[in-house]
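Top to bottom, those sequences are chains A and B.
Residue numbers for the first sequence follow this note's numbering, beginning at -1 and rising by one.
Residue numbers for the second sequence follow this note's numbering, beginning at 30 and rising by one.
Contents: one structure, followed by commentary.
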Amino acid sequence: MKTALANRMTPYLFLAPAGIVLVAALLYPIGYMIYASFLDWNPSQRIGEADWVGLRNYVNLLGDAAFRESFGVTIKFAAIVVTLEMVLGVGLALLLDRNLRGMSILRTLFILPMMIAPIVVGLMWRYMYHPTVGIFNRTLENIGLSSVPWLSDGGWAFTSIIIADVWQWTPFIFILSLAALQSLPQSAIEASRIDGASPWQTILYVKLPLMMPVLIVTALLRLIDAFKVLEVILVLTNGGPGLSTEILSLRIARTASEFRELGVAAAMSNFLLILLLVLTVAMYLYGKAAELRAARLRAAAEEAA
Amino acid sequence: MTLTFKTCAAALAASVSLGSIAAAQDVPAPYQPYAGTTLVVNFPAHPHYNAAMKVLPEFTEQTGIEVEVDQLQYLKMRERQTLELTKDEGDYDLISYVVFSKADYVFADQLENLARYFMNPKLADPNYDAADLIDGYVQNIGVAGGQKGYLPGPTGSLYGIPFGSETSVLGYRTDIFEKHGLEVPETYDALLELACQIPELEPGMGGLASRAASGHQASHAFLLHLNPLGGGIFDDAWEPIVNNEAGVEAANALKSIVDCGIEGSQTFGPSEAAAAFAQGDYAMFLDSIAFAATFEDETNSQVVGNVGWALHPEGVKRASQTGGFGIAIPKNAQNKEAAFLLMQWLTSKEADLMIAMEGGNPSRFSTYENAELNAKYPYAATFGEALQYADPDWRPIIPTWGKINADLGTTLSQIITEDLDVQEGLDGVAERSRAIMDEAGYYTWN
């Protein structure tokens, strides 16, 4: 009897350390944040001294024009950078998926931008965007064009942070896509070639569909990251001019430190968390649906055979 | 961009390491019980504090008390302190705080009331001469609990002492003004006209270097103009009046100053504005006195010897900035008495002069009158005069200011860069400020 119980408990015993770590390291902070989002808590107070305000922080946020604008900026920023980075990254990977001399050096060079600390990236770009001594405006003036207000005009500032982000994170998509490309089954590619597919057709109908699972995960990772990017924008524009580049993570940081409203900052983080969860679940469902469809097609094909 | 570096100032004093215990007999009696103590202080990266750090070894030598300095960029310093002050036992014995932190710290009961130290005969120096401390600064930075809560008044008491306080003055290029026969502007009309006239006279040069970056900086620049033009953020009943005629005039002034500046001036913070003036890109500079010494430093400035100083121009009244820093003892400090001794020493006549000679901002009238200082920094007399017009009610120092300040600053940035209508923008600020104040309970008695 006792042995049976011990036997049944064994797996849980082995799982316990992982479970404890999970609860302590993941669930506790998230629970803490969710709890804090119901409080009117300023950083000069201990959490126990803060007043319980129920859903007030959430309701106020929904009515706060600055928060809504910042939410909009974040979504626009994430959508644009991830699209650009996917197109460029996958394009580069397709272009460089061949045996070139010095390929390993080239690959290392390509991934350098993402190895640089974000603060440094921000500073670097800030100097390049400098209105009078920056390389961009100097070059523009040297070839006789008028200079551009890179960081001092709302529209341009938004473009500038996109350029910096695309520069830094395209390599991430590139190396993952390249790895995916190089692990594709050669038989499928060979088969398509024998069937007379042109290189473009091979890419469109064979390579990309086969890479799709990796690409979806990559895009998702980038998307999550893009929603949380902070340092580069903090250094480049600090959210300005106006609110034109104030993405949500920056607004959260300012709410906590400048406005001294930890409860509101926690509520904002929860909104961001919910948004990311929705995206992740949507991606997951899409993947599942695609899998089911493929299975159905395969079954149909087998039946027909 | 945190400027974090720990400097063991004490280590600089060669005499200390071996001599402190042996020399205990040489240490004046009030300091003897504390000789050998190490104080940890939190200072901002700021010209005044850089000067103060050069003088700290002298304190160690005189008293045997060692000082370790944690220096941070000033907005980061405020964040760090917010966390430090809520701990049971704090790491800092003495902190420097930005003037608007006074509201938060005092309201949260995190600073020592200084009365009990000045009452203690073993600690208080009878020759301290508190009347010599610049009154406007003491009221603005040190006192809380009087009128409107943050101003001096019969119910107020002292929580900090001004150290690195500042007011605003107008710097101008004497060479440029001479070349075109220009007169130093005395009034706001003259200032604004000149600001836009200079780019025409000197192509490529901006009129008046000003902060303008979205957020705190734009708001600060706006306040510089708002007060002399007769405006304010709130009236006496805490109703927002930022959108009245004077407010609109001040916002228009800021916009026209930025429009007549050089490219990229829409994103200037104080250091960028000062750097542009030091590089010779501007003919005028309206900001804190703290930058004056840097313009005479040949390693960073190309305008050495060509900078003149004048009072902050007059609108409907003279009202220059009160701001900068003070020093205070946290409630959770571990060496409060020794920290008080350091605080008293740093703001004493002797040390105030030493720090001023190194390029710091004096906290005492007597320092401004000192002949030696006036010989080294000829502008000291003008700065001393400017202090008479420093307005202690320059900005509301209340716990909700952080949020209102940020909202005002982003709206002004939209006015400057996105052509948002001035009246519409300020109306929005007033409306949102009222909601913030209402929520914080400022209308409870109405």
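Glycine included, every Cβ here is placed at the ideal spot set by N, Cα and C.
What does residue 446 (chain B) touch in chain A if you count any residue whose Cβ is under 9 Å from its own? Neighbours of residue 446 (chain B) on chain A, chain order: 147, 150, 151, 152, 155, 238, 239, 240 and 242.
Quick check on residue 153 (chain A): buried or exposed, where buried means 16 or more other Cβ atoms within 10 Å of its Cβ? The residue is exposed, with fewer than 16 neighbouring Cβ atoms inside 10 Å.
Beta carbon of residue 321 (chain B) nearer than 8 Å to that of residue 188 (chain B): 8 Å or more divides the Cβ of residue 321 (chain B) from the Cβ of residue 188 (chain B).
Within chain B, partners of residue 75 (chain A) - CB distance below 9 Å: Here the premise fails: no neighbours, minimum Cβ distance about 17 Å.
How about residue 41 (chain A): is its Cβ closer than 7 Å to a heavy atom in the ligand SAM? Of the ligands one can find in the structure shown there are none, so the ligand SAM has no counterpart to examine.
Listed in chain order, which residues of the segment 250 to 261 of chain A have Cβ atoms closer than 8 Å to some Cβ of chain B? Taking 8 Å as the Cβ-Cβ cut-off against chain B, the residues of the segment 250 to 261 of chain A that qualify are 252, 255, 256, 257, 258 and 259.
Determine the direct distance from the alpha carbon of residue 115 (chain B) to that of residue 152 (chain B), and round the result to whole angstroms. So the alpha carbons of these two residues sit roughly 27 Å apart.
So residue 239 (chain B) and residue 302 (chain B) are supposed to be a Cβ contact under 8 Å. How far apart are they, rounded? Rounded, the Cβ-Cβ distance is 6 Å, consistent with contact.
If we define contact as Cβ-Cβ less than 8 Å, is residue 435 (chain B) a contact residue for chain A? With 8 Å as the cut-off, residue 435 (chain B) counts as an interface residue toward chain A.
Residues bridged to residue 269 (chain B) [DSSP beta-bridge criterion]: Assignment of beta-bridge partners to residue 269 (chain B) by DSSP yields B:263.
Let me know the beta strand (DSSP E) ranges lying completely inside the segment 140 to 200 of chain A, each 3 residues or longer, listed in chain order. Counting only runs of 3 or more, we get nothing.
Based on Cα-Cα distance, which residue from B:134, B:82 and B:109 lies nearest to residue 358 (chain B)? Answer by Cα proximity: B:134.
Does residue 129 (chain A) come within less than 8 Å of chain B when only Cβ atoms are used? Taking CB atoms only, residue 129 (chain A) has a neighbour in chain B less than 8 Å away.
Taking only three categories from DSSP, how would you classify residue 106 (chain A)? Secondary structure at residue 106 (chain A): helix, using DSSP grouped into helix, strand and coil.
Look up residue 18 (chain B) in the DSSP assignment and give the residues it is bridged to. Only positions 30 to 475 of chain B appear in the structure, and residue 18 (chain B) is not among them; the question remains open.
What residues from the segment 341 to 352 of chain B come within 7 Å of chain A, judged by C-beta to C-beta, listed N to C? Within the segment 341 to 352 of chain B, no residue has a Cβ that lies closer than 7 Å to any Cβ of chain A.
Assuming contact is defined by CB atoms lying nearer than 8 Å, are residue 286 (chain B) and residue 236 (chain B) in contact in what I supplied? By the CB criterion at 8 Å, residue 286 (chain B) and residue 236 (chain B) fall inside the cutoff.
Output the distance between the C-alpha atoms of residue 239 (chain A) and residue 81 (chain B), rounded to the nearest integer angstrom. When rounded, the distance between both Cα atoms is 35 Å.
By DSSP, does residue 140 (chain B) sit in helix, in strand, or in coil? Under the three-state reduction of DSSP, residue 140 (chain B) is assigned to strand.
Closer than 8 Å to chain B by CB, residue 296 (chain A): So no, residue 296 (chain A) is outside the interface.
Look up residue 71 (chain B) in the DSSP assignment and give the residues it is bridged to. The secondary-structure analysis by DSSP pairs residue 71 (chain B) across a beta bridge with B:99 and B:124.
Quick check: the Cα distance between residue 472 (chain B) and residue 250 (chain B), rounded to an integer number of angstroms? When rounded, the distance between both Cα atoms is 28 Å.
Separation of residue 272 (chain A) from residue 14 (chain A), as counted between CA atoms: Distance between the alpha carbons of residue 14 (chain A) and residue 272 (chain A) is about 28 Å.
Which residues in the same chain as residue 462 (chain B) place their Cβ atom closer than 6 Å to its Cβ, once the five residues preceding and following it in sequence are excluded? Contacts found: 269 and 433.
Sort out for me which residues DSSP pairs residue 343 (chain B) with in a bridge. Its beta-bridge partners are B:216.
Relative to the C-alpha of residue 104 (chain A), which residue among A:172, A:300 and A:124 is closest? Restricting attention to A:172, A:300 and A:124, the CA atom closest to the CA of residue 104 (chain A) is found in A:172.
Using the Cα positions of residue 262 (chain B) and residue 352 (chain B), report the straight-line distance between them to the nearest angstrom. The straight-line gap separating the alpha-carbon atoms of residue 262 (chain B) and residue 352 (chain B) is approximately 16 Å.
Would you be able to state if there are at least three C-beta pairs under 8 Å between the segment 124 to 144 of chain A and the segment 290 to 302 of chain B? Three or more Cβ pairs drawn from the segment 290 to 302 of chain B and the segment 124 to 144 of chain A lie within less than 8 Å of each other, which places the two stretches in contact.
Counting only runs of 3+ residues fully inside the segment 23 to 50 of chain A, write out the beta strand (DSSP E) ranges in chain order. Within the segment 23 to 50 of chain A, no complete beta strand (DSSP E) run reaches 3 residues.
Who are the near neighbours of residue 442 (chain B) in its chain, counting only those whose CB is closer than 8 Å to its CB and skipping five residues on each side? So the list reads 241, 242, 243, 244, 247 and 295, once near-sequence residues are dropped.
Taking a Cβ distance cut-off of 8 Å, strictly less, list which residues of the segment 219 to 246 of chain B are near chain A, in chain order. Legend: CB atoms of the segment 219 to 246 of chain B lying less than 8 Å from CB atoms of chain A belong to residues 242, 243, 244 and 245.
Is it true that the segment 173 to 190 of chain A meets the segment 230 to 239 of chain A, where meeting means three or more beta-carbon pairs spaced less than 8 Å apart? No contact exists between the segment 173 to 190 of chain A and the segment 230 to 239 of chain A.
Against residue 247 (chain A), what residues of chain B qualify as contacts under a CB-to-CB distance less than 8 Å, listed in chain order? None at all; the shortest Cβ gap to chain B is about 16 Å.
Sorted by chain position, which residues of the same chain lie with C-beta nearer than 7 Å to residue 50 (chain B)'s C-beta, five sequence neighbours on each side aside? Legend: pLDDT at residue 50 (chain B) = 48, less than 50; position of this residue unreliable, value from coordinates given subsequently. Excluding positions up to five away in sequence, the list reads 65.
Whole-angstrom C-beta distance between residue 343 (chain B) and residue 217 (chain B), which should lie under 8 Å: The beta carbons of residue 217 (chain B) and residue 343 (chain B) sit about 7 Å from each other, so the pair counts as a contact at 8 Å.
Using only the alpha-carbon positions, how far apart do residue 229 (chain A) and residue 119 (chain A) sit? Approximately 9 Å, taken between the alpha carbons.
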